[in-house]
Amino acid sequence: MVTTTPNETRRRAWKAAAAVTDPELPMLTLADLGILREVEVSEEGAVAVWITPTYSGCPALAEMRVDVDRALRTAGFDDVEVRTALSPAWTTDWITEEGRRKLTEHGISAPGRAPARPSGPVPLTLLPTRTAPRCPRCATADTEELSRFGSTSCKSLHRCRSCLEPFEHVKEI
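Quick note: the sequence shown uses our numbering, first residue 965, plus one each step.
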């Protein structure tokens, strides 16, 4: 009989959960996006996984939970619970360098640094934040926003003024 240490079991559970792909950006894993927050394995072998949605109303959250549960059960874990962590709130700064590279490879402009969040009350701003993301195809910053919303609400639609190609940009959150 092969025995594993608690750390080895946790690493195996993390690896299974980390490999789950995002339903809206399937080139990225939940680990690439920074959505996978924590994995714990109890002495009895129960696995608890915490994921943080990209925003509180994310329609893909239910599918992510099911996919993480399935991945862990496929990896041999029988007692699985997927939990949602809303604090701290997810930020695009949690996207890994590998995740940013994959976005660009797939023609999606990766986000820049997220805006600084003040402590205390959040000031009301009535105008949208405008960004000039680099074109993922030719890398120029000479781009224009076509629509504040792309195929998902966390992306905006842009066009490059140099190569004239349209592209989506993951918004800085």
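Think of the CB as a built atom: it goes at the ideal place given N, C-alpha and C, for glycine as much as any other residue.
Anticipated Cβ contact below 8 Å, residue i with residue j, distance rounded
i: residue 1138; j: residue 1107; result: There is no way to answer for residue 1138, as the model of the chain reaches only from 965 to 1137.
i: residue 1003; j: residue 981; result: 6 Å
i: residue 1074; j: residue 1067; result: 4 Å
i: residue 1057; j: residue 1024; result: Actually they do not touch by this definition, with Cβ atoms about 20 Å apart.
Cβ pair residue i, residue j closer than 7 Å
i: residue 997; j: residue 1063; result: yes
i: residue 1137; j: residue 1055; result: yes
i: residue 1084; j: residue 1131; result: no
i: residue 1116; j: residue 988; result: yes
Neighbourhood of residue i by C-beta, 8 Å cutoff - its chain only, sequence neighbours within 5 removed
i: residue 1104; result: 1098, 1124, 1125, 1126, 1127
i: residue 1113; result: 1119, 1120, 1121
i: residue 1038; result: 980
Where residue i falls: helix, strand or coil (DSSP)
i: residue 1012; result: strand
i: residue 1036; result: helix
i: residue 1047; result: strand
i: residue 1081; result: coil
i: residue 1128; result: coil
i: residue 979; result: helix
i: residue 974; result: helix
i: residue 1025; result: helix
Cutoff 7 Å; reference residue i; Cβ partners in own chain excluding five residues on either side
i: residue 978; result: 1003
i: residue 1100; result: 1068, 1071, 1072, 1073, 1131
i: residue 1135; result: 1075, 1118, 1119, 1120
Inter-stretch contact at 8 Å, needing at least 3 Cβ pairs: the region 1009-1025 / the region 1050-1061: yes
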